[in-house]
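Take a look at the structure set out below.
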Amino acid sequence: MKNFKKIIAVVLVLALIAATVATVINIVLAKNDKKHNPVVTMEIEGYGNVKLELDPEAAPNTVKNFIRLAQRGYYNGKTFSDVQEGLVVGGLDDVSGEEKKEMVAPKLSDIKDGVAENEDKEYSIPGEFIEKGHKNMLSHQRGVISMTRTTYNDYQQEIAMIQMIGYSDYINGVVDKMYDSQAAGFFILTEDEIGYDGTYSAFGRVVDGMDIIDTISKLELEKNTDSDGKETTGTGIVNAPVIKNVTVDTYGVDYGIPETESAYDFEAIFNFLIQNYMQSQNSTTDQTGNTTNQ
């Protein structure tokens with residue numbers, strides 16, 4: 105009887121050990137099977153590498169777009185061009201002229217093959233944030249990367265003119281289109297700026313090399329002279345750091361081609377409204393209801 109009890113005890117111990125081993129194996133397998141978020145390595149000439157982990161759950165289409173542009177070399181040779189309060193702006197072309205740094209929208213051929221020449225046009229992608237009905241829970245905190253886009257402040261005078269000529273009904277539509285005007289430019293936060301939550305597409309965060317971003321945020325900025333001859337400090341970096349190369353480790357996942365829209369063109373909308381207004385001012389209606397131009 106004692107031997108039987110010993111055998112039972114041994115069996116129970118072995119069963120417990122087997123269950124424990126199985127649990128450990130399942131945990132290890134679960135960790136190994138866990139999907140890795142894509143990791144970006146951004147080599148900045150003269151500064152070193154910055155690594156970012158992208159967040160497909162927060163902004164899936166934005167992540168697709170960034171990955172495609174990076175994989176096809178779009179960001180190679182672009183710059184970190186501007187420093188604004190709490191952030192640095194990157195992914196822009198360095199061009200000459202009064203506006204030294206200019207955001208140039210990518211073309212469809214920058215994200216996919218087989219685009220006919222007559223169809224290869226600039227594009228933008230929809231905003232992925234609460235104001236666009238998208239539940240993006242990635243907050244704009246230090247180290248987070250988010251997308252630049254056209255803003256109301258970029259065209260304050262033009263929008264005021266639209267309101268002045270009686271076309272205020274168009275403003276909401278114009279602002280809504282601004283929310284969908286992101287394309288390739290991005291910014292990385294050097295401070296928490298939760299005021300951007302809900303109206304900008306955050307899509308990842310720096311996991312290594314934040315010291316490099318901090319260094320860039322402290323570089324010398326361009327000086328401007330206003331109409332009174334007073335010198336002011338602008339936002340453009342004097343010697344804009346060049347993004348030499350961008351690679352993405354997707355851990356074998358093909359994220360596909362992003363959803364796109366025609367590139368947002370505020371100037372075209374503004375010119376259309378002004379021309380329409382001028383035509384209405386240059387026309388009169390005769391007594392029969394016909395319209396004649398003066």
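Mapping the sequence shown onto my numbering, position 220 (from 1) lands on 324, and the numbers just tick up by one. Backbone N, C-alpha and C fix where the C-beta goes; we use that ideal spot for every residue, glycine too.
Please state if the CB of residue j and the CB of residue i are separated by a distance shorter than 8 Å.
i, j, result
"F307", "G195", "no"
"E223", "L212", "yes"
"V350", "N180", "yes"
"D284", "H244", "no"
"Y355", "M282", "no"
"V357", "L156", "no"
"I317", "V154", "yes"
"P345", "Y151", "yes"
"G274", "L377", "The amino acid occupying residue 274 in the given sequence is Tyr; Gly does not appear at that position. Cβ distance < 8 Å, so Y274 and L377 count as in contact."
"M268", "T166", "no"
"F184", "I320", "yes"
"R309", "V248", "yes"
"G190", "E326", "no"
"D159", "L242", "yes"
"F374", "E232", "no"
"S366", "K225", "yes"
If residue i and residue j are in contact, beta carbons under 8 Å, what's the gap, nearest whole angstrom?
i, j, result
"K348", "I148", "7 Å"
"R253", "E295", "That belief does not hold up - the Cβ atoms of R253 and E295 are roughly 20 Å apart, past 8 Å."
"A163", "V144", "Wrong, their Cβ atoms sit about 14 Å apart, outside the cutoff."
"T303", "E235", "5 Å"
"V279", "Y256", "6 Å"
"E324", "V342", "5 Å"
"A288", "Y178", "7 Å"
What is the DSSP secondary structure of residue i, reduced to helix, strand or coil?
i, result
"A209", "coil"
"M241", "coil"
"I347", "strand"
"V338", "For the record, residue 338 in the displayed sequence is Gly; it is not Val. The answer is strand: DSSP assigns G338 an E or B state."
"I317", "helix"
"R56", "Given a span of 105 to 398 for the chain in the structure shown, any question on residue 56 remains unanswerable."
"V219", "coil"
"E326", "strand"
"G79", "Since the first and last residues shown for the chain are 105 and 398, residue 79 lies out of range."
"S331", "coil"
"A372", "helix"
"A162", "coil"
"D353", "strand"
"D403", "For residue 403 there is no data in the structure shown, the boundaries of the chain being 105 and 398."
"R309", "strand"
"D301", "coil"
"I269", "coil"
"G201", "With a pLDDT of 39 at G201, under the threshold of 50, the modelled position of that residue is not reliable, and no figure is offered here."
"D296", "coil"
"N380", "helix"
"R172", "helix"
Nearest CA to the CA of residue i: which residue from the options?
i, options, result
"P210", "T364, V248, Q383", "T364"
"I266", "T329, N141, N380, G218", "N380"
"M314", "G231, E371, V192", "V192"
"G270", "A372, Q385, K139, F233", "Q385"
"K182", "E335, M146, K216", "M146"
"D217", "P142, N141, G360", "G360"
"P230", "K168, K334, K139", "K168"
"R176", "I215, V219, P142, G237", "I215"
Pull the bridge partners of residue i from the DSSP assignment, please.
i, result
"I229", "Q286"
"I361", "Answer by DSSP bridge pairing: none, since I361 is not bridged."
"N153", "E147"
"S366", "Y227"
"G194", "F184, F290"
"V248", "R309"
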